[in-house]
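Going by the UniProt record's numbering, 218 is the number at position 218 of the sequence shown; the sequence numbering is gapless.
Beta carbons: idealized from backbone N, C-alpha and C, even for Gly.
Single-structure report; data block below.
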Amino acid sequence: MNKILVVEDEDILREVIVDYLMEDGYQVLEAADGEKAFELFQTNSVDLVILDIVLPKIDGWSVCRRIRKSSGIPIIILTARSDEDDSLLGYELGADDYLIKPYSPRVLMAKVKRFLEKYSSTVEEIHLSACGIVINIGSRLVSVDGITINLTHTEFEILLYLMQNKGIVITREQLISKIWGYDFYGDEKTVNSHIRNLRAKLGNKGSCIVTVIRSGYRFEEEQI
Numbered sequence: 001m002n003k004i005l006v007v008e009d010e011d012i013l014r015e016v017i018v019d020y021l022m023e024d025g026y027q028v029l030e031a032a033d034g035e036k037a038f039e040l041f042q043t044n045s046v047d048l049v050i051l052d053i054v055l056p057k058i059d060g061w062s063v064c065r066r067i068r069k070s071s072g073i074p075i076i077i078l079t080a081r082s083d084e085d086d087s088l089l090g091y092e093l094g095a096d097d098y099l100i101k102p103y104s105p106r107v108l109m110a111k112v113k114r115f116l117e118k119y120s121s122t123v124e125e126i127h128l129s130a131c132g133i134v135i136n137i138g139s140r141l142v143s144v145d146g147i148t149i150n151l152t153h154t155e156f157e158i159l160l161y162l163m164q165n166k167g168i169v170i171t172r173e174q175l176i177s178k179i180w181g182y183d184f185y186g187d188e189k190t191v192n193s194h195i196r197n198l199r200a201k202l203g204n205k206g207s208c209i210v211t212v213i214r215s216g217y218r219f220e221e222e223q224i
């Protein structure tokens, strides 16, 4: 049974989310402030985090940043602001998706289900390798020249999709449809932000992800 951490300081909103999650059969941990949220994350095996941004003690940005230092589990941001800079900051810090308040609990549940299905699905001992990058699809581990790197859920999915289609131009629209789905609220800048973070983590192998101007991205076996 998947365990989900819900971080929301508004009691009524948190209770609604918890009720929906429990009705769908998930185990739920609750936190009303950022300090408690990070404590629960450190002391429990959590599969996904639903994270409000405006929190007492430690804000959601800081919680997201701390989680990403050690884990690639899916993080869904909840925000009362539709500011583009806020959403881009969330993605740069490693969030996988976001919802703007007020939102439909059913849409949130659909996102939770989709992320958990992707994150928990395994194919034992199947490896994909190119350009010195090795992906173990079953364990969701990625290594570069033998050194394991920590990718977020979304970064892993983007890298896997590009490597599975090596040499083929993948448009930003295709990435959005494949990774986030048709209910995605963001735009192409979101893709750019994730690609930038992914390249940085891949180090000198990041150049294997080639930008095709006005089209999208292509994974090349040889570095460009």
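Residue span of the alpha helix (DSSP H) that contains residue i, given as start and end
| i | result |
| --- | --- |
| leucine 202 | 188-202 |
| aspartate 11 | 11-23 |
| threonine 154 | 153-164 |
| arginine 65 | 60-68 |
| leucine 216 | The sequence given here places glycine at residue 216; leucine does not occur at that position. Taken as a continuous stretch (DSSP letters only), glycine 216 belongs to no alpha helix (DSSP H), being part of the beta strand (DSSP E) at 216-219. |
| leucine 40 | 34-43 |
Start and end residues, beta strand (DSSP E) containing residue i
| i | result |
| --- | --- |
| valine 7 | 3-7 |
| alanine 130 | 127-130 |
| glutamate 30 | 27-31 |
| leucine 175 | Premise fails: leucine 175 lies in the alpha helix (DSSP H), 172-175, not in any beta strand (DSSP E). |
| asparagine 150 | No beta strand (DSSP E) contains asparagine 150, which DSSP labels as neither H nor E. |
| leucine 93 | No beta strand (DSSP E) holds leucine 93; DSSP gives it neither H nor E. |
| leucine 48 | 48-52 |
| leucine 141 | 141-144 |
| valine 212 | 209-212 |
| cysteine 77 | Per the sequence shown, residue 77 should be read as isoleucine rather than cysteine. Start and end: 75-79. |
| isoleucine 135 | 133-136 |
Integer-rounded CB distance, given that residue j should sit under 8 Å from residue i
| i | j | result |
| --- | --- | --- |
| phenylalanine 41 | leucine 5 | 6 Å |
| glutamate 157 | lysine 113 | About 15 Å separates the two Cβ atoms, so there is no contact after all. |
| threonine 79 | isoleucine 53 | 5 Å |
| isoleucine 67 | aspartate 96 | Wrong, their Cβ atoms sit about 11 Å apart, outside the cutoff. |
| isoleucine 149 | serine 143 | 7 Å |
| glutamate 221 | alanine 130 | 5 Å |
| tyrosine 217 | leucine 162 | 6 Å |
Whether residue i touches residue j by CB criterion (9 Å)
| i | j | result |
| --- | --- | --- |
| isoleucine 176 | threonine 154 | no |
| isoleucine 209 | isoleucine 195 | yes |
| lysine 205 | aspartate 145 | yes |
| proline 105 | isoleucine 17 | yes |
| aspartate 11 | proline 56 | no |
| leucine 198 | leucine 128 | no |
| leucine 160 | tyrosine 20 | no |
| threonine 190 | tyrosine 103 | no |
| phenylalanine 115 | lysine 166 | no |
| valine 7 | glycine 60 | yes |
| isoleucine 133 | leucine 141 | no |
### Query
Does the segment 29-36 come close enough to the segment 67-81 that 3 or more CB-CB pairs lie under 8 Å?
no
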